[in-house]
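Heads up: the sequence shown begins at -12 in this note's numbering, then just goes up one per residue. Worksheet for the structure shown next.
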Amino acid sequence: MKQPLAYVHPEAQIAENVVIEPFTTVDKDVVIGEGSHIGPNVTILPGTRIGKNCKISPGAVIGGEPQDLKFQGEYTTVEIGDNTTIREYVTINKGTSAKGKTVVGSNCLIMAYVHIAHDCVVGDNVILVNYTGLAGEVFVDDFAILGGYTAVHQFCHIGKHVMLSGGSLVRKDVPPYIKAGREPLSYVGVNSIGLRRRGYTNEKIREVQEIYRLIYQKGYNNTQALEVIEAELPASRERDDILLFVKDSKRGIIKGYFPD
């Protein structure tokens, strides 16, 4: 249902049961899936693809041009999955020629005033708390939770099931299954509560804890720790997730916390 005070470009592809509230603009080359609700004063710009049953709150701007001086007007997109909630005044910029698109997955909660820059990839079931900012080409994996006022440096990778404390400044990659906090951002333990909520057994959590004990608490450098883990611990999805993440890290992973 489109309110008469909303503007919807005739070339936009809007499912029949989408609700679009007054004073919202939906530009050309926009696709919105069935069951989605677009609140008042929302701006949805060309190249935006929104899935089913999404909810977008007042003041959000989706598909704005990248804040990147290298952007030359090339055709790029924003892709948002199903069942994702985008709260007030969120901004999600479309991609550049680097990756061609910015992606937000399904079942995400993007809280008020979050900024997601060009070419970011946000996985499924992610929560970005108020005022979080992702610089360009950041990758946030599934089930990660970023506390309020978190700022993430461009090109950083945040692993699955990570929990970051509010006000985190993320300058390096954050490996999966952990909690991180303090300044500079440091490993502070395995996200055991989050893992239990998602069905991980105590045995599996202890396995992850042993892996990170070898990485952060035995005095090894990363190369040595990975060699010990591969040699001494049995293969599992979690072990291999962590090994691959550390091996593929471009910016290096965060350090451990060592109190005085």
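Using N, Cα and C, we set each Cβ at its ideal position, and we do this for glycine too.
What are the partner residues of residue i, as DSSP defines its beta bridges?
i	result
Leu151	Leu133 and Ala167
Thr12	Tyr(-6) and Thr30
Ala138	Gly120 and Leu156
Thr72	Lys42 and Leu96
Would you check if the distance between the CB atom of residue i and the CB atom of residue j is smaller than 8 angstroms?
i	j	result
Leu231	Ile216	no
Glu75	Ala99	yes
Ile19	Val29	no
Glu197	Leu220	yes
Ala122	Val139	yes
Asp228	Pro163	yes
Leu96	Ile67	no
Rounded to whole angstroms, what's the CA-CA distance from residue i to residue j? Just pull it up for me.
i	j	result
Tyr199	Ile165	9 angstroms
Ser23	Thr63	22 angstroms
Gln141	Glu52	17 angstroms
Arg185	Gln(-10)	40 angstroms
Ile7	Phe126	30 angstroms
Gly87	Val108	11 angstroms
Val233	Val177	16 angstroms
Asp69	Ile37	7 angstroms
Lys42	Tyr207	47 angstroms
Lys237	Asn80	24 angstroms
Tyr174	Arg226	17 angstroms
Asp247	Lys159	Its pLDDT being 48, under 50, Asp247 is placed unreliably in this model, and the value from its coordinates should be taken loosely. Going from the Cα of Asp247 to the Cα of Lys159 covers about 22 angstroms.
His148	Arg193	15 angstroms
Ile(-6)	Glu3	One point to set straight first is that residue -6 is Tyr, not Ile, in the sequence displayed. Each residue's Cα considered, the two are about 16 angstroms apart.
Lys205	Ala212	8 angstroms
Ser44	Ile73	6 angstroms
Asp106	Phe58	11 angstroms
Ile1	Asn94	20 angstroms
I'd like the span of the beta strand (DSSP E) that includes residue i, first residue to last.
i	result
Asn80	Thr78 to Asn80
Ile49	Val48 to Gly51
Ile67	Thr64 to Ile67
Thr35	Thr35 to Ile37
Thr89	Lys88 to Val91
Let me make sure I understand the geometry here. Which of the options has the alpha-carbon closest to that of residue i?
i	options	result
Ser84	Arg36, Met98 and Leu56	Leu56
Ile49	Pro33, Gly38, Glu61 and Lys39	Pro33
Gly153	Gly146, Glu170, Ser44 and Pro45	Glu170
Ala(-1)	Ile240, Pro27 and Ile31	Ile31
Gly120	Pro(-3), Asp128 and Leu156	Leu156
Tyr203	Lys242, Arg224, Asp228 and Lys39	Lys242
Gly60	Ala47, Thr72, Gly82 and Val77	Gly82
Glu124	Val90, Leu115, Lys39 and Leu151	Val90
Glu21	Thr71, Pro(-3) and Thr188	Thr71
Ala167	Ile25, Lys191, Thr137 and Leu201	Thr137
Asn117	Thr78, Val13, Gly92 and Asp111	Thr78
Phe10	Gly134, Pro(-3), Pro27 and Tyr187	Pro27
Which residue comes first and which comes last in the alpha helix (DSSP H) that contains residue i?
i	result
Val113	Unbroken run through Val113: none, as it is neither H nor E.
Val195	Asn189 to Tyr203
Gly181	Ser179 to Arg184
Lys234	Arg224 to Asp235
Glu219	Asn209 to Glu219
Any heavy atom of the ligand NAD closer than 7 angstroms to the Cβ of residue i?
i	result
Val113	The ligand NAD is not among the ligands present in this structure, which contains no ligands whatsoever.
When you compare the CB of residue i with every CB in chain B, is at least one pair closer than 8 angstroms?
i	result
Asp228	Reference to chain B is not applicable here, since this structure consists of a single protein chain.
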